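Colleague: These protein sequences, in sequence, are chains A and B. So that you can map any letter, position 119 of the first sequence is 126 in this note's numbering, and since no number is skipped, the others follow by simple counting. So that you can map any letter, position 157 of the second sequence is 165 in this note's numbering, and since no number is skipped, the others follow by simple counting. Let me give you the structure first, and then I'll get to my questions.
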Amino acid sequence: MLEKMMKTRLFAWIDERTGAEAIIKSQLTEYQVPKNLNYMWNFGSLALLVLTLQILTGIFLAMYYKPSAALTYGGYTVAFDSVERIMRDVNFGWLIRYMHAVGASAFFVVVYMHIARGMYYGSYKGPRELLWIIGVVILLIMQGAAFFGYLLPWGQMSFWGATVITNLFGALPVLGEYLQQLLRGGFAVGDPTLNRFFSLHYLFPLLLAAIVGGHIHALHVVHSNNPEGIDVHEGQGTIPFHPYYTIKDAFGVAVFLLFYCYVVFFNPQMGGYFIEVDNYVPANNLQTPAHIAPVWYLTPWYTILRSFESKLLGVLAMGASLAILFLLPFLDRSKVRSSRYRPVYRQMVILFFITVIVLGYCGHSAPTPTLKLVGQIATTYYFAFFLLLPFLPKFEKTKNVPDHI
Amino acid sequence: MKLKNILMAVVAMTSLMVASGAVQANEHGVALKHAEIDVTDQEQLRRGLTVFTDVCMGCHSAKYITYKGLMDYPELSLSREAVDELRGEHPLTAGLITDLSPEDAKVSYGKVPPDLSVIANARRGGPDYIYSVLTGFEHDPAGKVPDGNFNEYFPGNRIAMPDPLGWLDHDEADTAELEAQAQDVAAFLAFIADPHQNERRIIGCWVLGFLVVLTLVLYLLKKSVWSDVKH
Ligand code: HEM
Chain A
8 MLEKMMKTRL FAWIDERTGA EAIIKSQLTE YQVPKNLNYM WNFGSLALLV LTLQILTGIF
68 LAMYYKPSAA LTYGGYTVAF DSVERIMRDV NFGWLIRYMH AVGASAFFVV VYMHIARGMY
128 YGSYKGPREL LWIIGVVILL IMQGAAFFGY LLPWGQMSFW GATVITNLFG ALPVLGEYLQ
188 QLLRGGFAVG DPTLNRFFSL HYLFPLLLAA IVGGHIHALH VVHSNNPEGI DVHEGQGTIP
248 FHPYYTIKDA FGVAVFLLFY CYVVFFNPQM GGYFIEVDNY VPANNLQTPA HIAPVWYLTP
308 WYTILRSFES KLLGVLAMGA SLAILFLLPF LDRSKVRSSR YRPVYRQMVI LFFITVIVLG
368 YCGHSAPTPT LKLVGQIATT YYFAFFLLLP FLPKFEKTKN VPDHI
Chain B
9 MKLKNILMAV VAMTSLMVAS GAVQANEHGV ALKHAEIDVT DQEQLRRGLT VFTDVCMGCH
69 SAKYITYKGL MDYPELSLSR EAVDELRGEH PLTAGLITDL SPEDAKVSYG KVPPDLSVIA
129 NARRGGPDYI YSVLTGFEHD PAGKVPDGNF NEYFPGNRIA MPDPLGWLDH DEADTAELEA
189 QAQDVAAFLA FIADPHQNER RIIGCWVLGF LVVLTLVLYL LKKSVWSDVK H
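Spelled out as structure tokens, the structure:
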């Protein structure tokens, strides 16, 4: 199909003015990809799909959404009313809103799988360090975008979640108070906060789109890693992206859409995990909910925060737990990439994944002394994993790596 | 081998989704009563609406549902005459708003009764919780909370809402009738919390059906495109 299209006169006309043919060749039909990628390599294209869906649904939501905390009848606000209007009166507004709210969670599911893939197969190692670093930047901006977005419906969780998180900035020395007030636009979370969060919520995903472009460019310079973690060369174990991986990604998209649409159409709140129960209660600054927790995708970091008695230490640890991701390519000194040939690293990284899930569970549940201890142990391992990596090559006996696929 | 992996992932994801739906313990650990509701059952929804307008609207509003909505939603499709009778002087586009002012409510009950438009989504257990609360008025076993304010299912047990259906000390013979009223109004509240939910589920079936076929076709296509790649 693509070949036929490229033979038309219209295409020739465009090509003369844009060099489209060279781009299509270098990026698709002649772009070389290892032939042995497994389905873990599908999550990158899925992330791109979800980002697109978020931006499209978001733009339509923004046509009807009103960022105002002014009170209306029944203890509601203009913002809450506008979301309910989208749900009830706007044609297919319910679909757009559920797609967007579920999409936020889907985005993190997909991106966390994508990151886990990179860690398991050593994709962060040379020559892909910069690719990994851009990825971590994407993760941070995504978390910011989702955090800003979660305030917009102006429910109880929106309000108190934002209050708790902006409070954290207040714990930082010197600039803390200033930063906190800058974020809030005042002394407490209120109407000015809602307005600036809306503005930033619009901005961040567009920033993401640009950075994702950089991520893909960086990828196409160094090419994909593969489950064996070995270098492949054109003609030896590679196939062109198109048609092989276009069709494989399309199949992945269909499988993903099955799950996504099941949730959107049949279980959009996902039992309170994707849209929390308390967020159907309008924000009320006089009534603290019994249990405040961020949405599931931020809970691992929330547990790290809560594992320290001192708020300042907690904030610093939380910052460090994200910042240390940037250093991963430099902490890991082993020459071997894939876990398949690194028995010790393999155990460690699987334990790391379990640890993050445990951290997430602890952060989502109401705090108890046992959970706090479990969270502290998990936090310790979270950091230990990274700090042990430089010493690993001293005692890890790696298996023989094949020299071709 | 590959297909087995996909299948395993699919099974894992599905069980996660089912599990997340099943986790519906009440806030303070009391098991809720199960409400028999059907949000596609017009009879039940209309009976629930009647309970709502006759009893609950003495104190509560549901401002996101308009009188016009009672006619327009196919699940309710009330006649113009029925709606005119309900609304009295209120315009068609007005929401179902109580005549009790928040100030008076505060004086009488100590609290402003919450708007019930989205209450079914705003409480864990949704309709089960509403049903349980309405039929959960008891005498306080500890004898502290005055009669009419002790509720087995309300967090903390002390509720400011005076037993609206007259559950406490009701005649044995009325149990079934009161339970039916509580379930009907729970069904109505579950419906209005998300009035496009039935449409959503119907469209969802078509969408999933289409996606199943698409997935299958793309899988076969993928296999045929990849058939010349040797491993
Ligand atoms: C990185 C991509 C994005 C993520 C992760 C994201 C996430 C979120 C989240 C978690 C919510 C709250 C959902 C809810 O509970 O209702 C939300 C709401 C919203 N978002 Fe986004 N969003 C993204 C992109 C966008 C874009 C590009 C726009 C367009 C301007 C946008 C506009 C809105 C609006 C208007 C709301 C409020 C309506 C509502 O709460 O449903 N979003 N977003």
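Where is the CB? At the ideal position from N, CA and C, for every residue including glycine. Just so it is clear, the structure is predicted and the values come from calculations on it, not from any experiment.
Can you list the beta strand (DSSP E) stretches of 3 or more residues lying completely in the segment 37-81 of chain B, in chain order?
Modeller: Within the segment 37-81 of chain B, the complete beta strand (DSSP E) runs of at least 3 residues are 70-74.
Colleague: Would you mind sorting B/Lys119 into buried or exposed? The rule is 16 or more other CB atoms within 10 Å of its CB.
Modeller: B/Lys119 comes out exposed.
Colleague: Would you say B/Ser87 reaches chain A, if we count a Cβ-Cβ gap shorter than 9 Å as a contact?
Modeller: With 9 Å as the cut-off, B/Ser87 does not count as an interface residue toward chain A.
Colleague: Kindly identify the DSSP beta-bridge partner or partners of A/Ile441.
Modeller: Residue 441 of chain A is absent from the structure shown; chain A starts at 8 and stops at 412.
Colleague: If we ignore side chains and look at the alpha-carbon of each, how far apart do B/Leu57 and B/Phe145 end up?
Modeller: Cα-Cα distance, rounded: 22 Å.
Colleague: Apply the 10 Å Cβ neighbour rule to A/Ser231 and answer buried if 16 or more other Cβ atoms are within range, or exposed otherwise.
Modeller: So A/Ser231 counts as buried.
Colleague: List, in order along the chain, the chain A residues whose C-beta lies closer than 7 Å to that of B/Ile211?
Modeller: Under the 7 Å cutoff, chain A gives Phe272.
Colleague: Check this for me: beta carbons of A/Asn311 and A/Tyr389, under 9 Å apart or not?
Modeller: The sequence shown places Ile at residue 311 of chain A, not Asn. Yes. Within cutoff.
Colleague: Which residues does DSSP list as the beta-bridge partners of B/Asn159?
Modeller: Bridge partners of B/Asn159: B/Phe145.
Colleague: Determine whether the Cβ of B/Ile138 lies closer than 9 Å to any Cβ atom of chain A.
Modeller: No, no contact with chain A.
Colleague: Please list the residues of the segment 332-354 of chain A that have a C-beta atom closer than 7 Å to any C-beta atom in chain B, keeping them in chain order.
Modeller: Residues passing the 7 Å Cβ filter: none.
Colleague: Check each candidate in A/Cys369, A/Met355, A/Gly367 and name the one with the smallest Cα separation from A/Phe393.
Modeller: Checked all of A/Cys369, A/Met355, A/Gly367; the closest Cα to A/Phe393 is A/Met355.
Colleague: Within 9 Å of any Cβ in chain B, is that where the Cβ of A/Arg95 sits?
Modeller: With 9 Å as the cut-off, A/Arg95 counts as an interface residue toward chain B.
Colleague: Using a cut-off of 7 Å between C-beta atoms, extract the partners of B/Ser69 located in chain A.
Modeller: Those within 7 Å of B/Ser69 in chain A are Gly81.
Colleague: Which one of A/Ile218, A/Phe50, A/Arg340, A/Lys73 has the shortest CA to CA distance from A/Pro160?
Modeller: Comparing Cα positions, the closest option is A/Lys73.
Colleague: Hey, is B/Thr223's beta-carbon within less than 9 Å of any beta-carbon in chain A?
Modeller: Yes - at least one Cβ of chain A is within 9 Å of the one on B/Thr223.
Colleague: Distance check for B/Asp236 and A/Asn407, CA to CA, integer angstroms please.
Modeller: Going from the Cα of A/Asn407 to the Cα of B/Asp236 covers about 29 Å.
Colleague: Going straight from the alpha carbon of A/Gln243 to that of A/Ser206, what length do you get?
Modeller: So the alpha carbons of these two residues sit roughly 49 Å apart.
Colleague: Quick check: the Cα distance between A/Asn49 and B/Glu207, rounded to an integer number of angstroms?
Modeller: Going from the Cα of A/Asn49 to the Cα of B/Glu207 covers about 32 Å.
Colleague: For A/Thr4 versus A/Ala297, is the C-beta distance shorter than 9 Å?
Modeller: Missing from the structure shown is residue 4 of chain A; chain A here goes from 8 to 412 and no further.
Colleague: Within the present structure, is the beta-carbon of A/Arg104 separated from the nearest heavy atom of the ligand HEM by less than 8 Å?
Modeller: Yes - the ligand HEM has a heavy atom lying nearer than 8 Å to the Cβ of A/Arg104.
Colleague: Shorter than 8 Å, the distance from the beta carbon of A/Thr64 to the closest heavy atom of the ligand HEM, or not?
Modeller: Under cutoff, so the answer is yes.
Colleague: On a Cα-Cα basis, can you pick out the residue from A/Asn292, A/Ile21, A/Met149, A/Ala327 that is closest to A/His208?
Modeller: Among A/Asn292, A/Ile21, A/Met149, A/Ala327, the Cα nearest to that of A/His208 is on A/Met149.
Colleague: Tell me whether A/Gly278 counts as near the ligand HEM, meaning its Cβ is closer than 8 Å to at least one heavy atom of that ligand.
Modeller: Every heavy atom of the ligand HEM is 8 Å or more from the Cβ of A/Gly278, so no.
Colleague: Suppose contacts are defined by Cβ-Cβ distances below 9 Å. Is A/Phe263 in contact with B/Cys213 by that definition?
Modeller: Contact: no.
Colleague: Under the three-state reduction of DSSP, which class applies to B/Asn34: helix, strand or coil?
Modeller: Any reading at B/Asn34 is ruled out, since the residue's pLDDT is 44, under 50, leaving its predicted position unreliable.
Colleague: With a threshold of 8 Å, establish whether the CB of A/Tyr119 neighbours any heavy atom of the ligand HEM.
Modeller: No, the Cβ of A/Tyr119 stays beyond 8 Å of every heavy atom of the ligand HEM.
Colleague: Helix, strand or coil: which one does DSSP assign to A/Gly193?
Modeller: It is coil, neither helix nor strand.
Colleague: I believe A/Met164 touches A/Asp285 by the beta-carbon criterion, under 8 Å. Please report the beta-carbon distance rounded to the nearest angstrom.
Modeller: About 5 Å separates the two Cβ atoms, so the contact holds.
Colleague: Quick check: what's the CA-CA separation for A/Ala123 versus A/Phe360?
Modeller: Distance between the alpha carbons of A/Ala123 and A/Phe360 is about 8 Å.
Colleague: For A/Asp181 and A/Gly193, I'd like the C-alpha separation in whole angstroms.
Modeller: First, the amino acid is wrong: residue 181 of chain A is Val here, not Asp. Approximately 18 Å, taken between the alpha carbons.
Colleague: Would you say A/Tyr287 faces chain B, with C-beta separation under 9 Å as the test?
Modeller: So, interface residue.
Colleague: Using DSSP with H/G/I as helix, E/B as strand and the rest coil, what is B/His178?
Modeller: DSSP places B/His178 in coil when its eight states are reduced to three.
Colleague: Mapping DSSP to helix, strand and coil, what is A/Arg344?
Modeller: Three-state result, A/Arg344: coil.
Colleague: Just verifying my parser: in three-state terms, what is the DSSP assignment at B/Gly151?
Modeller: Of the three classes helix, strand and coil, the one that applies to B/Gly151 here is coil, per DSSP.
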